[in-house]
Amino acid sequence: MATVFKKSKMLTDTKFHYCPGCTHGIAHRLVAEALEELGCEGKTIGIAPVGCSVFAYNYFNCDMQQVAHGRAPAAATGAKRVHPDKVVFAYQGDGDLASIGTAEIVHAAARGENITVIFINNAIYGMTGGQMAPTTLLGQKTTTSQYGRTVPLNGNPIKVCEMLSTLDGPSYIARCSLADPASVLKAKKAIIKGFKNQLEGKGFTLIELLSTCPTNMGLTPLAALDYVKNDMSKIFPLGVFKDIDAIK
Numbered sequence: 048m049a050t051v052f053k054k055s056k057m058l059t060d061t062k063f064h065y066c067p068g069c070t071h072g073i074a075h076r077l078v079a080e081a082l083e084e085l086g087c088e089g090k091t092i093g094i095a096p097v098g099c100s101v102f103a104y105n106y107f108n109c110d111m112q113q114v115a116h117g118r119a120p121a122a123a124t125g126a127k128r129v130h131p132d133k134v135v136f137a138y139q140g141d142g143d144l145a146s147i148g149t150a151e152i153v154h155a156a157a158r159g160e161n162i163t164v165i166f167i168n169n170a171i172y173g174m175t176g177g178q179m180a181p182t183t184l185l186g187q188k189t190t191t192s193q194y195g196r197t198v199p200l201n202g203n204p205i206k207v208c209e210m211l212s213t214l215d216g217p218s219y220i221a222r223c224s225l226a227d228p229a230s231v232l233k234a235k236k237a238i239i240k241g242f243k244n245q246l247e248g249k250g251f252t253l254i255e256l257l258s259t260c261p262t263n264m265g266l267t268p269l270a271a272l273d274y275v276k277n278d279m280s281k282i283f284p285l286g287v288f289k290d291i292d293a294i295k
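Here the numbering used here = 1-based position in the sequence shown + 47.
Written out as structure tokens, the structure reads:
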């Protein structure tokens, strides 16, 4: 029987611990496939965050470093400067990147550090019990916004791509979705583009992936995908927010 699909060499044989319907697994596969297709096997360093993907170091078949909450861009900066010949990526969720790690991501982008950041946005804190995140939607109920997020009390959701694209340092900023097969294919192209820019020394790249958290959203896996597609994408529109290649 012909083999029509096989796991990327950039992933280990460790079984994912993620909840049913969580799209971290899809994101991991896309990152791994992109790295393999670009010939990065044996020369990649990944930075694992604090959050549901805290165990990412068990899944990616490359050198991985576990860092404190929010500090992935700082650690990635150090790794890349010490090993400029390596491909360095940080993998972060919305609480890790857009809350406690806001300073790190903004200044790494402003400096134009030649690293790639994979930003998983599921609009809620996953690992710690479903609290409101910086990207939680207005009206969205969480354990710390039980009547729904409001502007007077909680402010508006932070739009990371829009914010970072105003800086001079980034070379490529894009937001994609993991809500359906067509979106997944577009997400992979964006991730490949981000890594290509790094390989070509063009500077900081970030790819945001709108993702699900069925457990803390209180939805079935299918309903969570619909929520990403029909609700999250209205607040966080998909597209490329900065591409220095398109400017030339």
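Think of the CB as a built atom: it goes at the ideal place given N, C-alpha and C, for glycine as much as any other residue.
Model, not experiment: these values are computed from the prediction.
Item to check | Where A271 falls, given that 16 or more other Cβ within 10 Å makes a residue buried | outcome: Burial is judged here by how many other beta carbons sit within 10 angstroms of a residue's own beta carbon; A271 has at least 16 and is buried.
Item to check | Cβ neighbours of G159 in the same chain (closer than 8 Å, five flanking residues each side left out) | outcome: If we look at G159 and ignore the five residues flanking it on each side, its Cβ neighbours are D215, G216, P217, S218, G250 and F251.
Checklist entry - Along the chain, where does the alpha helix (DSSP H) that runs through V129 open and close? => result Membership of V129 in the alpha helix (DSSP H) is indicated by the continuous run A119 to V129.
Next on the checklist: Quick check: the Cα distance between R222 and T50, rounded to an integer number of angstroms?
Outcome noted: Taking the straight line from one Cα to the other gives about 32 Å.
Checklist entry - Which two residues bound the contiguous alpha helix (DSSP H) that contains E83? => result H71 to E84 is the span of the alpha helix (DSSP H), which, as asked, contains E83.
Next on the checklist: For I239, which residues in the same chain have their Cβ closer than 8 Å to its Cβ, ignoring the five residues on either side in sequence?
Outcome noted: For I239, same chain residues with a beta-carbon under 8 Å away, outside a window of 5 residues either side, are A81, E84 and L85 in chain order.
Item to check | Integer-rounded CB distance, given that C109 should sit under 8 Å from I92 | outcome: Between I92 and C109 the beta-carbon gap is near 7 Å, inside 8 Å, which marks them as a contact.
Next on the checklist: Starting from Q20, trace the beta strand (DSSP E) in both directions and tell me its first and last residue.
Outcome noted: No answer is possible for residue 20: the residues shown for the chain start at 48 and end at 295.
Item to check | Rounded separation between C87 and D141 - CA only | outcome: So the alpha carbons of these two residues sit roughly 26 Å apart.
Next on the checklist: Alpha carbons only, please: which of L253, A226, P181 and G248 is nearest the one belonging to A237?
Outcome noted: Considering only L253, A226, P181 and G248, the residue with the shortest C-alpha distance to A237 is L253.
Checklist entry - What is the C-beta distance between M179 and G98, in whole angstroms, given that I count them as a contact (C-beta under 8 Å)? => result Not really, about 15 Å apart at Cβ, beyond 8 Å.
Item to check | Inter-residue Cα distance where the pair is V78 and K235 | outcome: Between V78 and K235, the C-alpha separation is close to 8 Å.
Item to check | C-alpha gap between L268 and E209, whole angstroms | outcome: A small fix is needed here, since residue 268 is Pro in this sequence, not Leu. One Cα belongs to P268, the other to E209, and the distance between them is close to 28 Å.
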